Structures are given as structure tokens and as C-alpha cells.
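Chains as they are written, first to last, in the numbering used here: chain F, 44 to 780; chain R, 44 to 780.
Cβ atoms here follow ideal geometry from the backbone N, Cα and C, with glycine treated the same way.
Quick caveat, the model's predicted, so the values are computed rather than measured.
This report concerns only the one structure given below.
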């Protein structure tokens with residue numbers, strides 16, 4: 044049952060997620076976009092099994108209902124006794140009830156969870172998004188001009204969260220790991236993206252409404268059709284359901300032709316007009332532009348930041364004292380001209396990436412700090428578990444590496460560091476898993492690849508990709524630019540190695556092949572070891588062989604006197620090799636959106652008449668660390684508030700004063716909605732109260748100490764619990780309303 | 044002599060600088076690019092005067108030499124006495140020497156300084172740039188593909204400097220001023236940039252080589268021609284020199300036709316081929332692209348970040364509690380597809396801007412924190428001083444504002460804050476001036492505009508523009524989008540105002556004008572107060588007036604019974620107005636480049652055999668704050684180094700360990716070249732030395748204290764002098780070599 048791997052549950056919350064960054068890596072191996080869009084919203088197969096058996100049961104029950112209906116009609120026609128007919132009708136009604144019950148179960152099963160769950164996810168998202176948009180965490184860009192799909196602004200609190208996330212990223216990765224951070228332009232000349240493969244292969248398949256010209260992503264239309272059918276049409280049998288699921292599971296492997304054929308077969312039309320659709324054709328997702336005034340130098344807005352690092356490898360390696368391993372990092376904007384952006388901040392046309400390229404000797408992928416993460420335990424979802432339909436399990440990272448589940452120490456180290464990064468930001472560790480790429484998702488050259496996936500109301504979202512990409516990228520740029528992007532290991536003393544030497548005898552070859560001599564020489568020199576040794580053997584036994592010269596497009600006869608093939612011993616002083624690259628790539632916008640959802644909750648107001656919104660951001664990411672409220676509007680309190688504000692500024696604590704006359708309860712509610720962890724209320728000129736957002740507990744602290752107390756907690760030097768223990772408690776019940 | 048204002052000195056170091064950002068503002072007022080490229084490398088006129096008198100003196104001397112030569116020849120022809128002829132020849136030789144001396148003076152005058160100065164500036168720049176590129180402060184982008192003009196990467200130390208500058212900008216402006224920071228996309232739909240004027244007017248004039256198609260900036264070619272002529276051809280007279288200078292001074296005012304005519308008149312050809320050139324035509328400097336798959340939605344890469352703020356005004360005003368003043372800020376990439384990028388990091392095709400839009404009531408431009416900057420004193424270059432040929436002077440900011448030189452308090456406040464920002468970064472206050480825009484540089488709507496200019500080897504470079512742009516931008520977007528971008532001042536109690544009421548009597552107008560009634564009604568209602576009152580008076584006196592209806596294109600007779608015009612008293616509860624915007628706009632790359640030059644110096648090595656490079660970055664911006672060196676390669680010292688490294692990481696101090704066996708002197712030299720302020724040398728397991736970069740002084744500190752000492756100085760909690768006083772001095776003379 045290959046089509047069950049991965050199992051696709053096509054609920055409204057499942058989706059077609061794509062990493063913001065390097066999944067590209069995967070699809071470059073294949074002419075089709077086979078793994079560009081992995082559908083990894085996998086579910087345990089028990090569910091699929093139950094769905095399948097439900098469909099069977101439903102079909103059986105339907106037959107039973109029909110058979111029984113016929114029986115009843117037959118009894119009536121035969122004028123059977125009333126009691127006999129009544130009994131038959133009662134049995135029929137029972138069957139109908141049973142059928143209806145199975146329908147309900149099936150309905151629940153295909154919507155990916157119980158119906159209520161889906162509804163409440165939807166409602167939760169609505170509440171969170173309403174708060175986020177109302178408080179300007181983000182805003183559809185160019186709103187006054189009715190916006191542009193897939194473009195969003197971060198408003199003041201969102202922008203502050205983003206800059207906190209990036210500052211922590213820099214601290215956690217660049218500073219702590221001594222990475223070489225670079226900053227390259229977004230405008231990129233064509234040659235670079237030709238080398239990387241983006242110009243030729245960074246495409247999605249598109250169809251057009253044949254009358255209006257409106258564009259759609261071909262796979263989205265097919266997917267929506269299959270999902271709709273599976274969810275809403277309960278009459279389709281188990282066989283048809285299996286077929287549709289097979290289509291969903293193999294969606295990313297379908298060629299343009301196959302996709303077009305399916306669209307025709309299912310009679311899919313343009314969603315808006317019901318007009319017929321064109322055949323699918325590839326659309327390049329890069330924003331194209333032109334560099335300079337001539338119009339002759341095509342360029343693109345980079346689809347990822349990584350290429351800027353690869354093309355600088357030589358200089359960075361030199362900067363690092365010609366030593367491996369080292370990591371380079373870059374934070375910056377990337378661009379993808381999506382055909383039809385969906386899901387708010389999760390699939391956008393411009394986004395911030397933070398990427399790390401860790402260059403390492405392919406023969407030694409150990410990591411000096413590996414021991415620091417070896418005991419971390421978290422949800423991992425290895426390939427085998429996905430194939431056998433199990434779910435993600437808590438696994439000790441050290442075990443995953445030592446068993447070979449994770450390919451190497453360095454990859455494991457970064458998985459551990461990403462786990463620490465995300466959970467310290469406030470991502471719920473129970474809704475974070477590391478999912479290994481399936482074989483068909485990975486590029487042929489990739490050694491291993493894991494995605495940090497975060498569960499939110501849209502399902503499991505790929506937020507960080509951590510891939511061992513071997514030497515692929517550096518080789519691609521070496522080949523295109525002619526500049527060797529290699530590292531060297533100097534031997535402490537020279538080593539003796541045996542080398543194959545192919546020496547064409549140009550004089551003889553010239554006599555034999557005249558003008559074609561050069562082609563033959565080059566072809567001979569290009570032989571690999573196996574070919575050369577076979578030729579050597581053949582020449583020694585037969586004296587002449589037929590040899591195919593591709594640049595001539597034909598075989599030529601090679602005689603023994605035309606080439607000498609031998610093995611020679613040489614002394615080597617160093618080993619020159621193309622480093623492997625291990626690449627953790629972070630979709631910052633996706634992480635932030637998931638963080639918003641994981642931080643959001645509601646609680647009843649004190650009067651119980653409304654639900655108040657709260658973001659439980661840790662101080663590290665909170666957009667504002669502290670608010671300062673004079674309890675009532677009076678000059679004395681306002682002066683104290685200004686003194687505290689000044690000391691907060693000196694301490695580098697972002698804060699806000701609210702001197703409106705609004706009730707203190709309303710002001711707390713406003714500040715909770717922005718996720719501000721602490722509020723200082725000025726209710727005397729000597730002592731003030733500090734309130735913690737989630738517990739709503741308050742302590743009394745002197746005016747002089749207030750800023751320092753807040754700073755110590757936001758800087759992580761002590762916890763709120765420490766503060767609660769040390770300072771007198773404020774017990775006025777009226778504060779929160 | 045209008046052409047002397049501004050005086051252009053066309054030395055090789057002068058230039059055609061344009062602010063990275065909003066000079067656009069200035070040129071939007073005029074159909075020509077009159078002030079898009081202000082040439083503000085002004086010089087005191089004494090110099091120009093001396094040049095002019097030198098040219099005159101040279102011409103006179105030339106005539107004298109010729110006349111005397113003729114006289115000598117005449118004497119010889121007349122066979123005068125030898126002593127007579129010798130005396131005449133001696134006099135001629137003296138005249139020739141005098142002429143030669145004047146030539147030298149003139150040569151020096153036209154090259155903008157003495158020739159040696161220009162040379163040493165060039166040499167200084169070469170030394171600085173060599174160090175910057177070799178140590179990867181910056182790198183030409185895509186170097187392995189031979190680069191792209193006008194695109195640069197920041198390598199590790201440059202990237203660190205940049206992120207320190209931006210972090211300090213955020214602290215100094217966003218945090219300390221409670222600004223609303225936003226983060227908008229670079230991809231921008233056409234409608235936004237149509238409203239702002241960029242689509243129609245953000246152009247440079249270009250000419251093409253008629254045979255090869257190579258593009259040049261028309262004004263650059265004309266400018267280069269004039270400069271070359273003025274500097275290298277000393278035979279041109281004062282009149283011709285004046286003409287060329289006039290061309291240079293008015294370069295930015297020239298229309299495409301006038302520019303083309305000059306190019307023809309001077310016979311300017313393509314510099315590379317000497318082929319004829321096309322007529323000049325406008326080239327839009329924005330990178331164009333297409334949003335979405337249809338190809339029907341043109342978009343551009345934003346040329347500045349400001350528009351993202353303006354279109355969000357309504358939401359931001361609401362976020363600020365519907366209160367003015369408030370400031371919004373944005374840091375981000377901006378793009379300009381320069382025709383021919385020049386001068387390294389100073390004119391590039393992609394750059395980071397940091398922009399502030401401070402929205403303020405046009406009737407109250409006071410600033411609550413103005414008193415904090417009022418006593419600052421620094422170089423200012425008001426319009427009048429430029430016009431009268433004086434140079435920049437130290438002026439107390441408070442005086443400049445109170446005298447009206449600076450238009451208002453808020454503008455003055457930002458000028459002061461920018462001064463503090465730049466000097467705290469390490470910009471030399473003696474090479475920083477605030478230059479006011481001349482009347483012809485400013486847009487008609489701008490109230491006042493000052494540029495922070497920093498002097499570097501390329502001349503005075505515009506790095507920050509601080510403009511009071513009045514209501515222009517908000518009005519432009521209101522008009523285009525139909526969304527009112529206004530603020531309201533609520534009155535504490537309603538105010539009585541007299542309002543003009545124009546009430547067309549539609550029935551009478553309908554009878555008189557039938558189908559044209561609507562046009563007449565609209566025209567009547569559109570009258571301004573003056574027109575309406577004149578009509579009222581005329582109707583009262585004459586009973587009928589001729590009235591021009593522009594939508595009909597003709598006069599119509601209006602009778603007394605067709606319209607009632609009166610003044611009525613109304614109660615108003617608020618005043619609705621479009622806020623003014625004061626905009627400080629920072630070209631981050633330019634500031635960083637100038638900072639590099641201001642920080643760079645060389646000093647002889649201890650042996651005196653070479654010059655060592657040093658960047659005297661303050662700890663605030665230094666890319667790495669500290670290096671850690673084990674004095675010799677030994678496990679014990681390396682372990683101590685690791686302990687110190689760990690405590691530096693905990694303290695958040697970026698640092699680097701160097702365990703190579705290189706001599707300590709060489710390691711110091713390497714670290715000085717990166718501008719690292721402190722080096723910890725491990726020469727025992729208990730105490731270590733800390734060396735300060737510029738003084739090369741060393742103190743002895745315990746291993747435990749080392750990180751904290753470095754942290755306290757880099758955080759600005761104490762100075763190196765404090766440390767020097769407190770700790771024992773290390774006096775080993777051998778440390779630095």
C-alpha cells in the first residue's frame with residue numbers, strides 16, 4: 044500500500060506546506076517537483092484503518108438498507124401480515140440508524156479529528172488572528188490600496204517580537220558558536236541562480252482559466268478536489284477513497300502531463316468561473332528584474348540567503364585561517380513569487396530567513412560541543428516511524444545519533460541547538476517535533492535531513508530545515524565559476540599514494556586521427572580508473588580496442604602504442620576536498636506565527652462578562668517588557684512614573700507609560716493583549732506594585748528598585764518566583780478590575 | 044554671479060553625491076531633476092576668487108610673455124646692443140618663471156587643495172580600503188562570478204559593525220524615543236509608488252553609445268568633461284572657466300534637451316569608444332518586477348522605506364491612542380538601479396536605510412525633550428553662509444532654532460539627536476557638519492531640510508537627511524487611495540466658527556440649464572471663499588453674473604435666485620488636519636563607510652620596519668570586543684583561555700580565541716586591524732593581562748575578573764582610564780612584538 048506512505052489526511056487544517064527555504068535542495072535531483080511540496084501532515088495509520096473500515100461498513104450498511112427496503116416492499120406487495128411488515132420496518136429503521144451513526148463516525152474521521160476539534164481550532168485561530176491584527180502585530184501590506192496577497196507588515200509589537208527573535212538567534216547561534224555572519228544583497232545576477240539550479244527548476248505547475256486568464260496552482264486544484272470529495276461525499280466507496288488518497292500522496296511526484304490528465308479525468312474547472320483550464324505548465328517562483336540600465340543583465344530577488352554564503356566560501360575559509368569546520372550565517376529577506384499565497388503569515392511572497400552553512404570535512408562530522416546536547420530528549424519522527432505509520436516519539440538525541448537514526452554528530456548537534464532555540468523562545472515542546480525526510484523527499488546527494496515542525500491551527504508547520512547537503516552547493520558553484528571552492532588538510536608528513544597515470548602518445552594519435560587528435564586525447568584523459576584499467580587490460584590482450592569519443596560521437600580504434608596507462612606512486616603533502624555543508628535554515632516568520640499561537644490564551648474578566656486575550660510571551664521575546672501606570676491621574680504619580688521610566692530606559696528595558704484615565708483593570712487587559720510580562724502601578728510616591736501578567740500576582744517594591752527588579756527578571760538573572768518570595772505581596776483585590 | 048552658488052569645486056575627490064534616501068522629496072516639485080543631485084561639495088569663495096584672479100593673472104602674464112618675446116625679437120631684428128638684448132631676455136625669463144609659478148598655483152587651486160593633499164587622501168583611502176577588503180569588512184558581491192557593480196557583501200567584521208550600528212540606532216531612537224517600529228516588504232505594488240511620485244519622476248538622464256549601446260549617465264559625462272577641462276587645461280581663460288563652472292553649478296537644473304545640447308556643443312563622445320552618443324532620455328532608477336503569476340501586476344523594489352510608514356499612518360495613529368505627535372521608524376533594504384555606480388560603498392544599488400517619520404501637528408512643532416539638546420554646539424552650515432561663500436561654523440543648536448535658522452524645535456531636536464548618534468558611533472565631530480538645503484534644493488512644500496554630511500576621502504558625504512516635509516506624503520496617499528490620512532484635535536469645548544455656505548437652488552438651475560445643471564451645481568459648490576463672496580456682491584449689485592463652468596468649458600449666466608451664499612456660525616468639536624512629517628533618514632552603509640575611514644590609522648611596528656593598520660572603533664561598534672590569546676601553545680593556558688571565553692560568552696561579549704603559535708606581536712597586529720579594543724593574554728593560570736588597542740597599555744587582572752572588566756568597559760560602565768588606575772600595570776616590554 045505505497046500510497047499510504049505518507050498518509051495524507053486531507054482535513055481543512057492539513058495543508059501543503061513548504062519550507063520557506065531549502066526544500067529546493069530536495070527537488071533539484073529530479074526533473075519533476077517530486078519533493079518540492081512534501082505533504083507531511085502525517086497521521087497514525089490506525090485512523091486511516093478505521094476510516095477504511097468505516098467506509099466498508101457504510102457501504103455494507105447501505106446495501107443492507109437497500110436489501111431490507113426491497114424486502115419490506117416485497118412483504119407489502121405480498122400483503123404480508125401487519126406484524127410481519129412492522130417488524131421488517133423496525134429492523135429497517137435500526138439499520139438506517141446504524142448507517143447514520145457510521146456516517147457520523149466517518150465524517151469525523153475524514154475531517155482529521157472530531158468535528159468539534161476542527162471547529163475549535165478554527166475559532167482559536169480566529170480569536171488569535173483578530174487580536175494580532177487589531178493590536179498591529181501584523182497588518183496586510185498596503186492595506187489602504189486593498190493590499191497585495193502574500194505581503195504583510197509587522198506593526199510595532201510584531202516588529203519588536205521579530206527583532207527580539209533575531210537578536211536571540213544571533214546570540215544563540217552566531218555569538219555562542221563563533222559563526223561568521225555575512226550580509227549579502229537580495230538582488231542576484233542570473234549566473235548565480237543558474238548554478239544553484241533555481242533558474243531552471245524553481246517552479247510550480249500552473250493552470251490558467253482559459254477564458255479569464257486567472258492563474259491557479261495546478262496541484263492545489265487537484266488537492267482541493269480530492270479533499271472535498273473525501274470529506275463531503277460519503278457515498279464514495281473505499282476503493283474510490285483509496286484512489287483519491289493515492290493521488291494526494293503522490294501529488295508531488297506528478298509530472299505536468301500526469302497532473303493535467305488527472306485534472307481532465309476529474310473534470311476540474313476554474314473554481315471562480317467553472318471555465319475550462321489550460322494544461323499545467325511550469326511557472327518560475329523567483330521575482331525577476333534587470334540589473335543596470337542596459338536591460339541585458341537579468342537578475343532575480345534571491346529565493347534564499349544561502350547562495351550568498353556559498354559564493355563567498357573561499358574568502359570565509361581564508362578568514363577562518365584555512366581551517367575546518369566553521370559556520371557562516373546570514374539573516375535577510377528572501378522572495379518567492381507564489382502563485383496563490385495562503386494561510387496568512389505561513390506562506391508569503393517575502394520573508395526573513397536566518398540560515399547557517401556549517402562547512403565540515405566529509406570524513407569527520409564529529410562536533411566538539413556535541414556532548415552538551417546529547418542528553419536532550421524531545422519528539423522525533425524518524426523515517427521508519429513515518430513509514431510504519433507510527434507517530435513521533437520522545438527520543439534522547441544521543442540515542443538517535445548513536446543508533447544512526449540521525450546521520451552524524453554535527454547534524455545531531457544542530458538539531459539539539461534548534462530545539463533549545465525554539466523552546467527558549469516560548470514554543471511549546473509538546474507541539475514541536477523533528478521529522479526526518481523520507482527517502483523520496485531528499486536529494487540524491489543529501490546525507491540526511493530533518494525538519495523542525497511546529498503544530499499550530501493549520502497543522503504541523505515546517506519552520507526549520509536541518510540538512511546535511513554534502514558537497515552539492517560548493518561543487519555547483521565551482522563548476523559554474525571555474526573557481527575551486529575546496530579545503531585542504533595538510534599532512535604532518537607526506538603520504539605515499541598510488542595514482543593512475545594516463546599518458547596519450549600524441550604523435551601516434553596525431554598520425555592516426557589528424558584533426559580529431561585533440562578530441563581523442565581529451566576523451567582518453569577523461570577516463571575514470573575502471574575504464575582506464577579495462578582499456579589497459581584489453582590493449583595488453585588484444586593490442587587494439589574500440590573507444591567511444593563522445594565529442595566525435597563515434598568509436599575510434601585505439602592501438603597499444605597510442606596510450607600508456609600505468610599506476611605510479613606519488614608523495615602527497617595534503618588532501619584537497621570539497622567540504623560538506625550542514626545547513627540549518629530558519630523561516631523566521633513561520634516561527635513567529637507559531638509562537639503567537641502557542642502564546643495566546645483567553646481568560647474571563649473579573650466580572651466574568653467577557654473573555655480577555657493574553658499572550659504569554661517569555662520576557663526574552665515580549666515586544667514591551669514593562670508598562671508603567673499611575674493608578675490615578677495626578678501629577679505626583681505621573682512624576683514618579685517618569686522617574687521609573689527613565690531608569691527603565693537606562694537599564695535598556697523597553698516599556699510604555701499609560702497615563703490615560705482608564706480603569707486599571709482595562710489598562711492591565713490592554714497590556715496583557717500585547718504580552719507585556721510586567722506592569723508597574725504607581726499608587727504612592729515611595730512604593731509601587733509590580734504585577735506579573737500570567738499569575739496576576741503583585742509585589743510591592745520601592746520606586747528606586749522597581750526598574751532593577753524588572754530588569755533582573757527580564758534578563759533571566761532571577762525568576763518571578765524569586766521576586767515573589769523576596770518582596771511583600773500586594774493584596775488589594777481591586778487592582779485587576 | 045548666480046552660477047557661483049553653490050560653488051562647485053570639481054576636484055577628483057569632489058563628487059556627485061546623492062542621499063541614499065529622500066532627496067527624492069526635493070525633486071518631486073519640479074519637472075526636471077533640478078535638485079535630485081545637489082552638488083554640495085561647497086568651498087569658501089576665497090578659493091574661487093583666488094582661482095579666478097589666478098586665471099586672469101595667468102592670461103595677463105601670458106600676454107606679457109608674448110609681448111616681451113616680440114620685443115626681444117624686435118630688439119634682435121633691430122640689432123640692438125648685446126646688453127640691451129640680454130636685459131630684455133632676462134626680463135622675459137623672469138616673466139616666464141612668474142607665469143610658471145602662477146600655473147602651479149592655479150593647478151593646486153583647481154584640484155581643490157594642494158596637490159599633495161589630494162594624493163595623500165588617495166593614498167589614505169587605498170590603505171584603508173585594502174585593509175577593509177583583505178579583512179573582509181566588505182567584499183564585492185558574487186566575486187567568483189566577477190561581481191556586479193554597485194553590490195557589496197558585508198563580511199564577518201563588517202556585518203558585526205553593521206549590526207552594532209543598527210542595534211545602537213534602535214536603542215538611541217526607537218527605544219529612547221518610544222517610536223513605533225514597523226517592518227514592511229521591499230516588494231511594492233505600482234500604485235503606491237505612483238502616488239509617491241517615484242514611478243513618474245524617479246529618473247536619471249541617460250545617453251547611449253550609438254554603436255555599442257553602452258549606457259552612461261548624461262550629467263556624469265558632462266560633469267567629467269567640465270572637471271577635466273578645468274583641472275587639466277590651464278590655457279582656458281577666466282571666461283571659459285566661469286562658463287564651465289556655471290554648467291557644473293546648474294547641472295542638476297538642466298533639462299534633457301539642454302543637457303543634450305551641451306553634450307553636442309562640447310563634442311562629448313562615449314568615454315570607452317569615442318563613438319557618438321544618443322540624446323539624453325530618462326531612465327527610472329527602480330528595479331521593476333511583476334507580482335504574482337499573471338504578469339499584469341507591476342511592482343518595484345522599494346527605493347526607500349518611508350512609503351511603508353505613510354500607508355500605515357491611520358493604523359499607527361490609532362495604535363498611538365489617536366494622539367500626536369508620534370514617530371514611526373523602519374530599518375530595511377532599499378534599492379536603486381544606478382546607471383553607473385561609483386565610489387565603493389557610497390553609491391550602491393542596494394542599501395540599508397533607517398528612517399523615522401515623526402508626525403506632528405503643523406500648528407505645534409515644539410518638542411518635549413528639546414531642552415536636552417539645546418546646548419549642543421557643532422558645525423552647522425546654514426543656507427546664508429553657503430550663499431555668501433562662508434564655511435560651516437560651530438553654532439549652539441538652541442541659537443540656531445531661536446534665530447529661526449532651523450525652522451522649528453522638533454527639527455532642531457532631531458538634528459541634535461543625529462549629532463549625538465553619529466559622534467557616539469565614532470564619527471569625528473570636526474568632520475561632521477549639518478548643511479541646510481538651499482532654496483533650489485528643497486521641494487516647494489518642505490519647511491526646512493538639513494543634511495548631516497561627513498567628510499571622508501571622497502569629500503563631504505550626505506549621510507543623514509533631516510527634512511520637515513510638511514503634509515506632502517500623507518496627502519499624496521490620501522488622494523490616491525481615497526482613505527483620509529488625517530488627525531483630529533478634539534476641543535475641550537465646542538468652538539464657534541464662521542463658515543461659508545454655498546447653496547445652489549437646484550430647481551432654478553434645472554430650469555435654466557437642464558442637462559448641464561449638475562455641472563453648474565458642482566462648479567458653484569467648488570468656489571473658494573473669495574470667489575463666492577465676489578459673486579455674492581455682484582449678484583446683490585447687478586442681479587446676474589457670468590460664471591465660468593470648467594466642466595462645460597464656457598460661461599453661463601447666474602441669476603440671484605439660482606444660488607444663496609451666506610456666512611453661518613457653526614459649532615465645531617474638533618479640528619481635523621493632515622499632520623506634518625519630520626523625517627530623519629539614515630544611509631547606514633554611508634555612515635559605516637565614513638566610520639571606517641574616521642577610525643582607520645597606521646602606526647609603525649615596534650621594529651619600525653612596517654606600518655601596522657588599526658581601526659579605533661569604540662567598543663560600542665567594534666565587531667569583536669575582545670580577543671583571548673594563550674601566550675604560548677600549551678594545554679594549561681588554552682584551558683584558561685577556554686574558561687575566560689566561556690565567561691565572556693555568558694556576559695554577552697563577542698570575542699575570539701587565537702591559539703595559533705604566531706608571535707604575540709603579530710596576533711596583536713591582526714586584532715588591531717579588526718579594531719578589537721581589548722586583548723586578554725593568558726600568561727599564567729591565575730592572572731592574565733588585558734591590553735587596550737590604541738594606548739597599547741596593559742593591566743594584570745585575575746582570571747575570574749577578566750571577562751567582567753572587559754564587559755564593564757565595553758558596556759560603558761567605566762572607562763579604560765578607570766581600569767588603568769585600579770589594576771596593576773603590566774610592563775613587559777616584549778609583549779607587543
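How would you label residue i, buried or exposed, when you count the other beta carbons within 10 angstroms and need 16 or more for buried?
i: residue 443 of chain R; result: buried
i: residue 203 of chain F; result: buried
i: residue 324 of chain F; result: exposed
i: residue 757 of chain F; result: buried
i: residue 76 of chain F; result: Note on residue 76 of chain F: pLDDT 28, under 50, position unreliable in the model; the coordinate value appears next. Its Cβ being crowded by 16 or more others within 10 Å, residue 76 of chain F is buried.
i: residue 534 of chain F; result: exposed
i: residue 675 of chain R; result: exposed
i: residue 538 of chain R; result: exposed
i: residue 198 of chain R; result: buried
i: residue 207 of chain R; result: buried
Would you please verify whether the beta carbon of residue i is less than 9 Å from any beta carbon of chain R?
i: residue 520 of chain F; result: yes
i: residue 192 of chain F; result: yes
i: residue 254 of chain F; result: no
i: residue 173 of chain F; result: no
i: residue 166 of chain F; result: no
Give a yes or no on whether the C-beta atoms belonging to residue i and residue j are separated by under 9 Å.
i: residue 595 of chain F; j: residue 624 of chain F; result: no
i: residue 495 of chain F; j: residue 505 of chain F; result: yes
i: residue 477 of chain F; j: residue 462 of chain F; result: yes
i: residue 426 of chain F; j: residue 479 of chain F; result: yes
i: residue 531 of chain F; j: residue 617 of chain F; result: yes
i: residue 600 of chain R; j: residue 615 of chain R; result: no
Is there at least one Cβ from chain F nearer than 9 Å to residue i's Cβ?
i: residue 308 of chain R; result: no
i: residue 334 of chain R; result: yes
i: residue 203 of chain R; result: yes
i: residue 588 of chain R; result: no
i: residue 766 of chain R; result: no
Starting from the C-beta of residue i, find all residues in its chain whose C-beta is less than 7 Å away, skip the five residues before and the five after it, and write them out in chain order.
i: residue 333 of chain F; result: 340, 341 and 342
i: residue 567 of chain F; result: 545, 547 and 606
Which residue from the options puts its Cα closest to that of residue i?
i: residue 455 of chain F; options: F:420, F:431 and F:471; result: F:420
i: residue 632 of chain F; options: F:245, F:187, F:305 and F:397; result: F:397
i: residue 289 of chain R; options: R:212, R:278, R:300 and R:270; result: R:270
i: residue 129 of chain R; options: R:143, R:112 and R:145; result: R:112
i: residue 267 of chain F; options: F:311, F:106, F:723 and F:378; result: F:311
i: residue 748 of chain F; options: F:642, F:234, F:374 and F:732; result: F:732
i: residue 246 of chain F; options: F:612, F:139, F:528 and F:346; result: F:346
Output needed for residue i: all residues of its chain with C-beta closer than 6 Å, excluding positions within five of it in sequence on either side, in chain order.
i: residue 331 of chain R; result: 343
i: residue 735 of chain F; result: 763
i: residue 201 of chain F; result: 180 and 181
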